[in-house]
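The next block holds one structure in the form of structure tokens; read it before the comments.
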Ligand code: 13P
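Numbering (the numbering used here), first residue to last: 404 to 659.
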């Protein structure tokens with residue numbers, strides 16, 4: 404599919420289960436300073452739930468947005484340990500990561516529950532960052548496209564084209580997460596273009612061209628520019644390298 408790029412790139416830091424509230428506040432402050440004046444890219448930080456409120460205060464008046472790392476699909480109720488979309492909104496979150504491979508691998512997340520979460524998020528105006536990606540075994544068995552198609556189709560089931568355009572997709576090959584192995588720009592671009600094609604089939608070329616698709620998996624300042632300059636790669640979802648403000652800012656600066 405011809406990719407008509409009017410999309411604003413988005414670089415998000417997924418802090419995972421790292422940083423106490425004090426440390427999160429300091430890290431967020433460093434990110435705000437580090438990306439000052441960079442207007443061509445949207446920057447998001449996703450701290451643990453416990454730090455959302457404090458980080459929201461640090462981000463006030465800045466161009467950096469707040470995201471959470473997960474949420475439940477119900478609005479409220481007897482779901483011990485869970486957090487709802489409405490709760491995230493009151494913490495001033497704009498984004499929420501859904502279906503991260505760590506949630507899928509360790510906490511039983513499935514395409515069906517990612518879909519429930521996605522629908523609950525868009526219903527209240529939270530923008531999901533939906534993660535998809537194949538394992539090493541799947542890549543070696545040459546089923547990457549099938550796996551990613553199933554994850555995308557499952558996540559967007561029953562979602563209108565209008566709501567779909569607010570969703571960010573993060574392609575994160577599982578074998579590249581935290582391993583130091585990065586997909587080559589060519590490998591990543593191929594899957595990104597494929598994801599856009601699948602979205603085009605589910606909706607329309609316009610919706611496909613509007614949706615931002617991030618790359619995630621061992622992105623560092625040294626490899627970010629080569630990835631971010633690919634036509635279908637609209638920024639990145641950064642794990643380990645988002646835990647140091649200057650390193651994260653260098654990655655943001657790699658956006659063309
Ligand atoms: P790393 O950048 O540490 O490989 O993690 C990527 C990731 O999982 C972001 O969600």
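Glycine included, C-beta positions come from ideal geometry on N, C-alpha and C.
Distance between beta carbons of residue j and residue i, contact taken as under 8 Å
| i | j | result |
| --- | --- | --- |
| residue 640 | residue 575 | 6 Å |
| residue 457 | residue 428 | 5 Å |
| residue 533 | residue 583 | Between residue 583 and residue 533 the Cβ distance is about 25 Å, and since that is not below 8 Å, they are no contact. |
| residue 579 | residue 525 | Their Cβ separation, rounded to whole angstroms, is 28 Å, which puts residue 579 and residue 525 out of contact at 8 Å. |
| residue 499 | residue 470 | 6 Å |
C-alpha distance - residue i paired with residue j, whole-angstrom precision
| i | j | result |
| --- | --- | --- |
| residue 622 | residue 564 | 30 Å |
| residue 613 | residue 551 | 19 Å |
| residue 652 | residue 437 | 5 Å |
| residue 560 | residue 516 | 11 Å |
| residue 414 | residue 475 | 24 Å |
| residue 522 | residue 562 | 7 Å |
| residue 504 | residue 433 | 28 Å |
| residue 599 | residue 412 | 15 Å |
| residue 619 | residue 439 | 23 Å |
| residue 486 | residue 631 | 32 Å |
| residue 568 | residue 452 | 26 Å |
| residue 606 | residue 425 | 44 Å |
| residue 512 | residue 461 | 31 Å |
| residue 508 | residue 626 | 26 Å |
| residue 629 | residue 588 | 6 Å |
The beta strand (DSSP E) enclosing residue i, as first and last residue numbers
| i | result |
| --- | --- |
| residue 551 | Per DSSP, residue 551 belongs to no beta strand (DSSP E); it is in the alpha helix (DSSP H), 547 to 559. |
| residue 532 | 530 to 535 |
| residue 509 | Segment 504 to 509 is the alpha helix (DSSP H) holding residue 509; no beta strand (DSSP E) there. |
| residue 501 | 498 to 501 |
| residue 467 | 467 to 471 |
| residue 573 | 571 to 574 |
| residue 445 | 445 to 449 |
Host alpha helix (DSSP H) of residue i (start-end)
| i | result |
| --- | --- |
| residue 417 | Element bounds for residue 417: not the alpha helix (DSSP H) but the beta strand (DSSP E), 413 to 417. |
| residue 604 | 588 to 605 |
| residue 478 | Neither: residue 478 is in no alpha helix (DSSP H) and is coded neither H nor E. |
| residue 616 | Run containing residue 616: none in the alpha helix (DSSP H); it sits in the beta strand (DSSP E), 615 to 619. |
| residue 435 | 424 to 437 |
Beta carbon shell of ligand 1 at less than 6 Å from a heavy atom
Ordered along the chain, the selected set is 417, 503, 575, 580, 581, 619, 620, 621, 622, 640, 641, 642, 643 and 644.
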